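Engineer: Quick one: the structure is below, questions incoming.
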DNA sequence: TCTATAAAAGATAAATTTATCTTTTATAGA
DNA sequence: TCTATAAAAGATAAATTTATCTTTTATAGA
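Chains as they are written, first to last, in my numbering: chain A, 1286 to 1431; chain B, 1286 to 1431.
Here you go:
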């Protein structure tokens, strides 16, 4: 569906976003621990997230990762795009290079419904909304404490 | 979404099914060529499809792959299950090991809609229906001829 | 300016998936 | 029974994704 790296990325972004009100910057170690992801791999992913302006980073002492107001408004699909690209939302369900309404694979119509639903899910949800979910409680970004 | 192997598997199965009326057995080479998949890899996949009773094979001269009547009635999800397992239809969108309505990730509800739509697509379509699509024309299982 | 700190960048390594090649087994027909 | 044919099984290899480790760069505060 989407890569493991991308899932880590979404969880990390939600965590950073959920701490916005506290006005602090978060470091790699704390983010990796919270979202239950390998630290060095998380570092690589955070690099991408910063480069694509999903979140913002600052080097040096008192540095770390944080999220800005305009970034909270971004749809989650921007994270998917940054890590995996948009191909999941466009690819043929049977792997054909050419597959469209006019030259369809035999599953085209059925598959398109699911693929579009997936795109809608990521397109119509913002990072801020997910952070809010977490802050309101009852929704989680890890399995620690199970 | 689903693995490359699984997509090859679905295409191969549809091809074998679409030739049922001709009453012939198809060999690996012909199947691989038709669905535009690597031959040796296709052989491995066909092995799995035979072992899981998606299609049937016979060794030796005049041998090859064919599909039986009851196999045409199987939903496409059986192929997905044989190659990838059912986890795509159950996994959390953010990769949490524990994620359910009672302990949800923040995207749970939105993601579940898409995941269920995907499952429905594969569950409610039979191999026979797809073969019919191809035989009626206007729907394809390769990109040859583009 | 110097020091400490934290991310960025770069080089590898491990794991998984995709792909290939060789040997063995089953079977039809001569 | 022997031969030819086609899939099954098994051993590797290549490619991709996931993961780790080391070195470099940026920056705040002393």
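Beta carbons: idealized from backbone N, C-alpha and C, even for Gly.
Quick caveat, the model's predicted, so the values are computed rather than measured.
With three or more C-beta pairs closer than 8 Å as the rule, is the region 1291-1301 of chain A touching the region 1334-1351 of chain A?
Structural biologist: Flag = yes, the region 1334-1351 of chain A and the region 1291-1301 of chain A touch.
Engineer: Spatial neighbours of residue 1342 of chain B within its chain, please: CB distance less than 6 Å, with the 5 preceding and 5 following residues excluded, ordered by chain position.
Structural biologist: One-based indexing of the second chain puts residue 1342 of chain B at position 57. Excluding positions up to five away in sequence, the list reads 1335 and 1350.
Engineer: Buried or exposed: which applies to residue 1387 of chain B, given that a residue is buried once 16 or more other Cβ atoms fall within 10 Å of its Cβ?
Structural biologist: On the second chain, residue 1387 of chain B is found 102 positions in, with the first residue counted as 1. The residue is exposed, with fewer than 16 neighbouring Cβ atoms inside 10 Å.
Engineer: What residue from A:1427, A:1418 and A:1376 has the CA that sits closest to residue 1395 of chain B's CA?
Structural biologist: Numbered from its first residue, the second chain carries residue 1395 of chain B at position 110. Checking every option, the nearest Cα to that of residue 1395 of chain B belongs to A:1418.
Engineer: Where do the N-terminal and C-terminal ends of the beta strand (DSSP E) with residue 1343 of chain A fall, by residue?
Structural biologist: Start at 1 with the first residue of the first chain, and residue 1343 of chain A comes out as number 58. Counting along the chain, the beta strand (DSSP E) containing residue 1343 of chain A begins and ends at 1341-1343.
Engineer: Who are residue 1360 of chain A's beta bridge partners in DSSP?
Structural biologist: As a position in the first chain, residue 1360 of chain A is number 75, starting the count at 1. Bridge partners of residue 1360 of chain A: A:1411.
Engineer: Nearest by alpha-carbon distance to residue 1362 of chain A: which of A:1286, A:1409, A:1375 and A:1329 is it?
Structural biologist: As a working note, residue 1362 of chain A is residue 77 in the first chain. Considering only alpha carbons, the answer is A:1409.
Engineer: Go through its chain and collect everything with a Cβ distance to residue 1404 of chain A's Cβ below 6 Å, but skip five positions before and after it.
Structural biologist: Indexing the first chain from 1 puts residue 1404 of chain A at position 119. These residues qualify, in order along the chain: 1374.
Engineer: Going by DSSP, what residue range makes up the beta strand (DSSP E) through residue 1350 of chain B?
Structural biologist: Position 65 of the second chain, counting from 1, holds the residue named residue 1350 of chain B. Where residue 1350 of chain B is concerned, the enclosing beta strand (DSSP E) stretches over 1349-1351.
Engineer: Quick check on this structure: which residue in B:1430, B:1413 and B:1424 has the alpha carbon closest to the alpha carbon of residue 1304 of chain B?
Structural biologist: In the second chain, residue 1304 of chain B corresponds to position 19, counting from 1. Looking at the Cα atoms, B:1413 is the closest of the given residues.
Engineer: Rounded to a whole number of angstroms, what is the C-alpha to C-alpha distance between residue 1368 of chain A and residue 1314 of chain A?
Structural biologist: Numbered from its first residue, the first chain carries residue 1368 of chain A at position 83. Numbered from its first residue, the first chain carries residue 1314 of chain A at position 29. Computed Cα separation, rounded: 20 Å.
Engineer: Counting only Cβ pairs nearer than 9 Å, list the residues of chain A close to residue 1383 of chain B.
Structural biologist: Counted from its first residue, the second chain places residue 1383 of chain B at position 98. Within chain A, the residues near residue 1383 of chain B are 1425, 1428 and 1431.
Engineer: Within the continuous alpha helix (DSSP H) that includes residue 1332 of chain B, where are the two ends?
Structural biologist: Here residue 1332 of chain B refers to the residue found at position 47 when the second chain is read from its first residue. Taken as a continuous stretch (DSSP letters only), the alpha helix (DSSP H) holding residue 1332 of chain B covers 1324-1336.
Engineer: Interface residues of chain B around residue 1357 of chain A at Cβ under 7 Å?
Structural biologist: Along the first chain, read from residue 1 onward, the residue named residue 1357 of chain A stands at position 72. Chain B residues near residue 1357 of chain A: none, gap ~14 Å exceeds 7 Å.
Engineer: May I ask you to list, following chain order, the residues of the region 1361-1374 of chain A that have a beta carbon less than 8 Å from some beta carbon of chain B?
Structural biologist: Answer in chain order: 1361 and 1373.
Engineer: Quick check: what's the CA-CA separation for residue 1406 of chain B versus residue 1383 of chain B?
Structural biologist: The sequence position of residue 1406 of chain B within the second chain is 121, counting from 1. The sequence position of residue 1383 of chain B within the second chain is 98, counting from 1. Each residue's Cα considered, the two are about 25 Å apart.
Engineer: Using a cut-off of 7 Å between C-beta atoms, extract the partners of residue 1295 of chain A located in chain B.
Structural biologist: By 1-based counting over the first chain, the position of residue 1295 of chain A is 10. Chain B residues near residue 1295 of chain A: 1379.
Engineer: Taking 7 Å as the limit between beta carbons, can you name the residues of its chain near residue 1324 of chain A, skipping five residues before and five after?
Structural biologist: Translated into positions along the first chain, residue 1324 of chain A becomes position 39. Result list for residue 1324 of chain A: 1313, 1314 and 1317, in chain order.
Engineer: According to DSSP, simplified to helix, strand and coil, what is residue 1381 of chain A?
Structural biologist: Here residue 1381 of chain A refers to the residue found at position 96 of the first chain. Coil at residue 1381 of chain A, not helix or strand.
Engineer: Where do the N-terminal and C-terminal ends of the alpha helix (DSSP H) with residue 1303 of chain B fall, by residue?
Structural biologist: The count along the second chain starts at 1 and reaches residue 1303 of chain B at position 18. Residue 1303 of chain B -> alpha helix (DSSP H) spans 1289-1303.
Engineer: Taking only the alpha-carbon atoms, compute the straight-line gap between residue 1329 of chain B and residue 1309 of chain B and give it to the nearest angstrom.
Structural biologist: Position 44 of the second chain, counting from 1, holds the residue named residue 1329 of chain B. Position 24 of the second chain, counting from 1, holds the residue named residue 1309 of chain B. Roughly 21 Å separates the two Cα atoms.
Engineer: Give every residue of the same chain whose Cβ lies closer than 6 Å to the Cβ of residue 1378 of chain A, excluding the five residues on either side of it in the sequence, and list them in chain order.
Structural biologist: Your numbering for residue 1378 of chain A matches position 93 in the first chain. So the list reads 1392 and 1396, once near-sequence residues are dropped.
Engineer: Suppose contacts are defined by Cβ-Cβ distances below 9 Å. Is residue 1370 of chain A in contact with residue 1289 of chain B by that definition?
Structural biologist: Here residue 1370 of chain A refers to the residue found at position 85 of the first chain. Here residue 1289 of chain B refers to the residue found at position 4 of the second chain. Cβ distance not < 9 Å, so residue 1370 of chain A and residue 1289 of chain B don't count as in contact.
Engineer: Return the CA-CA distance between residue 1421 of chain A and residue 1301 of chain A, expressed in angstroms with no decimal places.
Structural biologist: Sequence index remark: in the first chain, residue 1421 of chain A carries index 136 (1-based). Sequence index remark: in the first chain, residue 1301 of chain A carries index 16 (1-based). Each residue's alpha carbon lies about 15 Å from the other.
Engineer: How far does the alpha helix (DSSP H) with residue 1316 of chain A in it extend, from its first residue to its last?
Structural biologist: Position 31 of the first chain, counted from the start, is the residue given in the question as residue 1316 of chain A. Unbroken alpha helix (DSSP H) run through residue 1316 of chain A: 1313-1320.
Engineer: Taking the alpha carbon of residue 1321 of chain A as the reference point, which residue from A:1293, A:1400, A:1311 and A:1306 has its own alpha carbon closest?
Structural biologist: Mapped onto the first chain, residue 1321 of chain A falls at position 36. Looking at the Cα atoms, A:1293 is the closest of the given residues.
Engineer: From residue 1306 of chain A to residue 1357 of chain A, what distance separates their C-alpha atoms?
Structural biologist: Residue numbering aside, residue 1306 of chain A sits at position 21 when the first chain is read from its first letter. Residue numbering aside, residue 1357 of chain A sits at position 72 when the first chain is read from its first letter. Taking the straight line joining both Cα atoms gives about 12 Å.
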